[in-house]
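Below is one structure, written out as structure tokens; the observations come after it.
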Amino acid sequence: MKNYTKYILKDIKVLLPKLLAITLIVILGVGFTLGLFTAAPNMRYSVERFYKDTNVADAIIQGMPFEEDLLNELKGNELIDDVFAYYSFDEDVEFRNGNHLAQINIIDFKKDININKLTLIEGRFPNPDAEDIEVVIERKQPFLIDVPMNYETTFLDKKVKVVGVVHSPWYFAFVE
Numbered sequence: 034m035k036n037y038t039k040y041i042l043k044d045i046k047v048l049l050p051k052l053l054a055i056t057l058i059v060i061l062g063v064g065f066t067l068g069l070f071t072a073a074p075n076m077r078y079s080v081e082r083f084y085k086d087t088n089v090a091d092a093i094i095q096g097m098p099f100e101e102d103l104l105n106e107l108k109g110n111e112l113i114d115d116v117f118a119y120y121s122f123d124e125d126v127e128f129r130n131g132n133h134l135a136q137i138n139i140i141d142f143k144k145d146i147n148i149n150k151l152t153l154i155e156g157r158f159p160n161p162d163a164e165d166i167e168v169v170i171e172r173k174q175p176f177l178i179d180v181p182m183n184y185e186t187t188f189l190d191k192k193v194k195v196v197g198v199v200h201s202p203w204y205f206a207f208v209e
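So the sequence shown is numbered by our numbering: it starts at 34 and just counts up by one.
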């Protein structure tokens, strides 16, 4: 019986590091799984808060230009809080001796915009009464990262000047 006890103690002494390693692996796995389970609600809360702060549109209807009558009809619907019309197109923009394809969204800054609110990061919003075309750029578009404030260029034979930098809800996946 004495030899058996010695054998058991010797075996435990040899296998203890393996037991501790397995226990540590299980603890790490459980901790990682719990972290994943708690991340989803936090992300959901953050996205909901972002949607509320910027009043992101629930639906974007694209297609032919809408007539003012149709926009007023949509505004009159009790299920719709607000309607906002804008124009969007893709165009080559010349910058640093190269053309880059950019999505251009034309927003009427004369109207009070309640949907897809732009968050001003630097500079100011465009003055709708300015003689030149004033623009704000979405900083997260890849080639626009190096565009400086007050950069001037021509577009469709008109002078265009960058007056601000914004974060747009249209690019919410890139928000820091």
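C-beta: ideal position from N, C-alpha, C; glycine also.
Judged by their CB atoms, K192 and D165 are nearer to each other than the 7 Å cut-off. A distance below 7 Å separates the beta carbons of V198 and I170. Between F117 and I146 a beta carbon distance of about 6 Å is seen, short of the 8 Å cut, so the two are scored as contacting. Here D125 carries a strand assignment [DSSP, helix/strand/coil]. A straight-line Cα-Cα distance of about 18 Å links N88 and N110. Shown here, K108 sits in a helix according to DSSP, grouped into three states.
Under the 10 Å beta carbon count, I140 is surrounded by 16 or more other beta carbons and is classified as buried. Residue pairing by DSSP places I166 opposite V193 in a beta bridge.
At a Cβ-Cβ threshold of 7 Å, Y119 and N138 count as neighbours. As DSSP reads the structure, T152 sits in a beta bridge with H200. Non-local C-beta neighbours of K35 in its own chain, meaning closer than 7 Å and more than five positions away in sequence, are absent. Residues T87, N88 of the same chain have their beta carbon placed closer than 6 Å to that of K150, with the five preceding and five following residues left out of the count. Rounded to the nearest whole angstrom, the C-alpha separation of A54 and L48 is 10 Å.
By the neighbour-count criterion, in which a residue is buried when 16 or more other Cβ atoms sit within 10 angstroms of its Cβ, V63 is exposed. D125 and A73 have their C-alpha atoms some 39 Å from each other.
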